[in-house]
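Worksheet: the structure to be examined is printed underneath.
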Amino acid sequence: SRQIQLLRYPNGLPSLADFTLAEVALPPLNEGEVEVSNQWLSVDPYMRGRMSLAKSYVPPFTLNSALDGGAIGTVIASRHPDFAIGDRVSSMQGWRDHFIAPAAALTRLPQSSLPPQRFLGALGMPGMTAWVGLHKIAKLQAGETVLVSAASGAVGTMVVQLAKLAGARVIGSTGSADKVAALEALGIDEVINYKTTQDLAGELARLAPEGIHVYFENVGGAMLEAALDHMVINGRIVMCGLIDQYNGAGQGGPNNLSQIIRKRLTMQGLIVFDHWQHYGDFLAEVTPAFEEGQLQANETVYQGLEQAPAAFIGLFEGRNTGKMLVKLD
Ligand code: NDP
Numbered sequence: 005s006r007q008i009q010l011l012r013y014p015n016g017l018p019s020l021a022d023f024t025l026a027e028v029a030l031p032p033l034n035e036g037e038v039e040v041s042n043q044w045l046s047v048d049p050y051m052r053g054r055m056s057l058a059k060s061y062v063p064p065f066t067l068n069s070a071l072d073g074g075a076i077g078t079v080i081a082s083r084h085p086d087f088a089i090g091d092r093v094s095s096m097q098g099w100r101d102h103f104i105a106p107a108a109a110l111t112r113l114p115q116s117s118l119p120p121q122r123f124l125g126a127l128g129m130p131g132m133t134a135w136v137g138l139h140k141i142a143k144l145q146a147g148e149t150v151l152v153s154a155a156s157g158a159v160g161t162m163v164v165q166l167a168k169l170a171g172a173r174v175i176g177s178t179g180s181a182d183k184v185a186a187l188e189a190l191g192i193d194e195v196i197n198y199k200t201t202q203d204l205a206g207e208l209a210r211l212a213p214e215g216i217h218v219y220f221e222n223v224g225g226a227m228l229e230a231a232l233d234h235m236v237i238n239g240r241i242v243m244c245g246l247i248d249q250y251n252g253a254g255q256g257g258p259n260n261l262s263q264i265i266r267k268r269l270t271m272q273g274l275i276v277f278d279h280w281q282h283y284g285d286f287l288a289e290v291t292p293a294f295e296e297g298q299l300q301a302n303e304t305v306y307q308g309l310e311q312a313p314a315a316f317i318g319l320f321e322g323r324n325t326g327k328m329l330v331k332l333d
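In terms of UniProt numbering, the sequence shown has 277 at position 273, counting the first letter as 1, and numbering is strictly consecutive.
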């Protein structure tokens, strides 16, 4: 098996030198185990939190062994009655081309005519995060105004589209002209390019004079500060991610958290795995919208296992539109 290993816990933005490509021999296939060849790997911002010994809701990665992450592959050998050669499966055995695992570590992909990698993005963990945040946490109502940061990413593109489907007005922030255009193609109402906008608060006041009902937070820093000032009374803030802080020094946090009190805001943290019992409801609701072409899936694909570290680092440099994926040869 070829696999990407972490050599050391990175300081600041990870670099390619923090990773290595290693070749390890797989053990023989035991009773109850399945051998899988991966086709698609996911790289996600939360993985940065595991590349550190700091205490978190997920344990640190082990150095000098294969990294874990979402993956989609095909069964190539099986000693378990539930899995046959050719079955499409998802697992957390990413960052590697082949693996052997107990059957319990695998999930069969749902029957669908959609491309399999969709289950790592729009119909996988990031799409589920968008749906849980909007519907279970913010309890979004038609006619409300939603603001979402990192709007052109895997979670963000789904927040934009699901909020539009629910009848909301949607404003997003992103970091390039190409991404502004991609968001406009998804039907977003207004986009802020945070890299070229000097006065975020002024821009929000112009775009949402009536205020923001739901802020879906993926970034933190200056955008959170501007959003707090423009929330309506009884607004809801879904604290999904703070990518601006994942590599250490961010733009700093907001100084106006007292707006939470004055405006009786609900600002709630989200860990998507707490809601996984609703994944079936999410798929039942959202899969038909993809099959009927009501929703689009944006993807950025890096080719080859050796590109996985570059794809991961690219998340922090904004190199993706939609889900960042690695396709294996
Ligand atoms: P994305 O696909 O959104 O990729 C990350 C994007 O974030 C980049 O493309 C970039 O876009 C933007 N970005 C990176 N660094 C910065 C920065 N310093 N300031 C502003 N924008 C930045 O990733 P995901 O959709 O997978 O994740 C989005 C957020 O959701 C992350 O914070 C992640 O941790 C969180 N998350 C949380 C979950 C939960 O259970 N709570 C589950 C899944 C994700 P741009 O060009 O716009 O800068």
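Where a beta carbon is used, it is the ideal one built from N, C-alpha and C, also for glycine.
Apart from the 5 residues on each side of it in sequence, residue 196 sits with its Cβ closer than 8 Å to the Cβ of 175, 176, 177, 178, 204, 207, 208, 211 in its chain, given in chain order. Of the heavy atoms belonging to the ligand NDP, none sits nearer than 6 Å to the Cβ of residue 316.
Residue 279 and residue 136 have their C-alpha atoms some 7 Å from each other. Contact check between the stretch 110-123 and the stretch 287-305: three or more CB pairs, one atom from each, fall below 8 Å, which counts as touching. A distance criterion of 6 Å places the beta-carbon of residue 245 in contact range of the ligand NDP, judged by its closest non-hydrogen atom. In the DSSP assignment, the residues bridged to residue 196 are 177. If you draw a 10 Å sphere on the C-beta of residue 76, you find 16 or more other C-beta atoms in it, and that means buried. Look at residue 291 here: in three-state DSSP terms it is helix.
Taking residue 56 as the centre and dropping the five residues before and after it, the same chain places the C-beta of 13, 64 closer than 7 Å to its C-beta, in chain order.
For residue 35, the secondary structure class from DSSP, reduced to helix, strand or coil, is coil.
Using a Cβ-Cβ distance cut-off of 8 Å, the stretch 162-169 and the stretch 307-322 are not in contact, since fewer than three pairs of beta carbons, one from each stretch, lie closer than that value. Annotation for residue 236: the continuous beta strand (DSSP E) segment containing it runs 235-243.
Sequence-distant Cβ neighbours of residue 84 in its own chain, meaning closer than 6 Å and more than five residues away, are 36, 38, 107. In the three-state reduction of the DSSP assignment, residue 8 falls in the strand class. Beta-bridge partners of residue 23 (DSSP): 10. The continuous stretches of beta strand (DSSP E) do not include residue 119, and DSSP gives it neither H nor E. In the DSSP annotation of this structure, the continuous segment of the beta strand (DSSP E) that includes residue 92 starts and ends at 92-95.
As computed with DSSP, residue 306 is found in a beta bridge with 330.
Boundaries of the alpha helix (DSSP H) around residue 166: 158-169.
Within the chosen limit of 6 Å, the ligand NDP reaches the beta carbon of residue 158 through at least one heavy atom.
Taking residue 319 as the centre and dropping the five residues before and after it, the same chain places the C-beta of 49, 328 closer than 6 Å to its C-beta, in chain order.
In the three-state DSSP reduction, residue 207 falls in the helix class (H, G or I). Nearest C-alpha to residue 306 among 144, 29, 256, 46: 46. Annotation: the continuous beta strand (DSSP E) that includes residue 151 extends over 149-152.
Here the alpha carbons of residue 6 and residue 101 stand approximately 6 Å from one another.
By the criterion of a C-beta distance shorter than 8 Å, residue 216 is surrounded in its chain by 149, 150, 151, 175, 208, 231, 234, 235, 236, 239, once the five residues flanking it on both sides are discounted. At the C-beta level, residue 81 and residue 99 stay beyond 7 Å of one another. The beta carbon of residue 223 is closer than 6 Å to those of 153, 154, 247, 248 in its chain, skipping five residues each way along the sequence. Residues 237, 238 of the same chain have their beta carbon placed closer than 8 Å to that of residue 268, with the five preceding and five following residues left out of the count. The C-beta distance from residue 186 to residue 42 rounds to 28 Å, too long to fall under 8 Å, and the pair is not in contact. Comparing alpha-carbon positions, the option among 96, 92, 229, 79 lying closest to residue 259 turns out to be 229. In terms of side-chain proximity, the C-beta atom of residue 320 is found nearer than 6 Å to a non-hydrogen atom of the ligand NDP. Exclusion of residue 89 from the 6 Å shell around the ligand NDP follows from its C-beta lying no nearer than that to any non-hydrogen atom of the ligand.
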